[in-house]
Amino acid sequence: MCNAHNPTTVDTPLNPDPEALYRRQFLKYIGAGSAVAAGGALASCTTNAATGRSQFTAFAPSEASLANAAAQSWTEVKRQTPTTNDPRYMGRLRNIGSRISQGAGRADKPWDYAVFDSDTKNAFVLPGNRVGFYKGMMDFTDNDDQIAAIMGHEVGHVAGAHARERYSQMMLGQLAIAGGTILAGSQLQKRCKQATTRREYNDCMQSAGRNTQYLQAALGMGFQLGVVLPYGRRQELESDRLGVRYMAKSGYDPYQAVRLWEKMGAESPSRGPEFLSTHPTPERRAQELSDYITAQQKLGSQGYRTLDIPEDA
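If you read the sequence shown in UniProt numbering, its first letter stands for residue 1, the second for the next number, and so on.
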């Protein structure tokens with residue numbers, strides 16, 4: 001779910017993470033048409049009503065374009081993995097989803113739920129309010145409140161407009177890396193004009209080409225470690241907090257989100273370092289949620305109005 005979610009989607013996944021595949025498919029569909037790309041000419045920064053923070057969305061396609069692309073990816077996901085109509089799963093998921101969407105103030109939106117007949121412990125969301133759960137994830141939970149924690153988290157990604165942010169960030173990063181590489185490459189090649197022989201010139205140009213490639217790789221790695229991964233972790237923490245906000249408003253026990261992440265951590269104790277992942281560790285998520293819920297509940301009716309994401313997220 002978003003993974004327990006996968007070191008790099010979400011930490012070491014409890015099982016191989018299908019979410020990354022669906023995101024790649026989604027981005028493939030996004031980039032397939034020039035009409036979608038043209039939709040990126042939107043306002044560069046907007047204030048998100050759910051989070052209260054400013055978001056950079058300069059290169060993001062329109063909501064309609066994202067939804068259309070997600071619809072194609074959703075169809076592909078269902079083609080690759082069988083779904084179940086077992087009411088013990090689908091009825092339960094729809095009921096929980098309905099309550100969470102009301103708590104999130106999004107009950108007026110159409111929601112599409114699917115339960116995939118797989119033991120994978122994961123869940124994911126795509127633009128257009130499409131939420132997918134795996135039977136393995138539902139079986140892993142102890143109660144409806146924990147499923148509501150996952151559902152709230154996924155709805156949090158929708159409310160937080162995280163897909164649009166990720167797309168804009170990716171495009172901006174690609175432009176910056178390409179621009180930096182071209183500029184540096186041209187400067188390296190200029191030095192070759194000082195060569196006095198053809199062989200010396202050719203050797204210089206080959207060296208310039210190699211160094212340009214090294215620089216491009218370094219810039220890409222720096223962007224991943226310095227921007228993409230930290231920002232992904234921040235989005236996950238934001239969705240966690242939005243999720244427990246929606247749980248509280250829907251009548252579920254927010255502390256079950258803490259229990260869920262504690263269980264996730266115990267299920268998969270070995271994982272890579274957090275700074276190489278798009279997701280915080282389950283232990284960190286459990287602790288931060290526990291602290292956040294305790295603080296918000298002390299505020300009574302004024303609680304859950306802010307998200308208080310730590311600066312070092």
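All residues carry an ideal CB built from backbone N, CA and C; glycine is no exception. All values reported here derive from a predicted model rather than from experimental measurement.
For residue i, report the span of its alpha helix (DSSP H) as first-last.
i           : result
residue 75  : 63-80
residue 59  : Careful: residue 59 lies outside any alpha helix (DSSP H) and carries neither H nor E.
residue 85  : Per DSSP, residue 85 belongs to no alpha helix (DSSP H) and is neither H nor E.
residue 287 : 282-298
Alpha carbons only, please: which of the options is nearest the one belonging to residue i?
i           : options               : result
residue 286 : 87, 297, 300 and 257  : 257
residue 141 : 121, 153, 160 and 129 : 121
residue 235 : 46, 55 and 45         : 55
residue 148 : 176, 306 and 240      : 240
residue 145 : 65, 227, 186 and 248  : 248
residue 194 : 267, 184 and 205      : 205
residue 306 : 153, 238, 254 and 255 : 238
residue 300 : 61, 263, 264 and 245  : 245
residue 81  : 191, 118, 265 and 152 : 118
residue 262 : 290, 278, 154 and 222 : 290
residue 101 : 308, 150, 223 and 87  : 150
residue 160 : 231, 202 and 268      : 231
Enumerate in chain order the residues of its own chain whose CB-to-CB distance from residue i is below 7 Å, with the five nearest sequence positions on each side excluded.
i           : result
residue 132 : 77, 114, 116, 123 and 124
residue 188 : 208, 211 and 212
residue 143 : 256
residue 280 : 233, 236, 237 and 274
Pull up the distance between the alpha-carbon of residue i and that of residue j, whole angstroms please.
i           : j           : result
residue 219 : residue 200 : 28 Å
residue 69  : residue 243 : 25 Å
residue 260 : residue 85  : 25 Å
residue 127 : residue 274 : 27 Å
residue 165 : residue 57  : 6 Å
residue 109 : residue 63  : 13 Å
residue 295 : residue 105 : 23 Å
residue 304 : residue 276 : 30 Å
residue 96  : residue 158 : 16 Å
residue 297 : residue 251 : 14 Å
Check the DSSP bridge columns for residue i and list the partner residues they point to.
i           : result
residue 192 : Note: residue 192 sits in no beta bridge, so no partner.
residue 124 : 132
residue 115 : 133
residue 46  : 55
Note down, in chain order, each residue of its chain lying with its Cβ closer than 8 Å to the Cβ of residue i, except the 5 sequence neighbours on either side.
i           : result
residue 138 : 89, 92, 93, 115 and 147
residue 33  : Low local confidence applies: a pLDDT of 41 at residue 33 is under 50, so the model's placement there is unreliable, with the coordinate-based value given in what follows. If we look at residue 33 and ignore the five residues flanking it on each side, it has no Cβ neighbours.
residue 223 : 173, 176 and 177
Whose C-beta lies closer than 6 Å to the C-beta of residue i among residues of the same chain, with five residues either side of it excluded?
i           : result
residue 265 : 282 and 283
residue 183 : none
Span of the beta strand (DSSP E) holding residue i?
i          : result
residue 56 : 54-56
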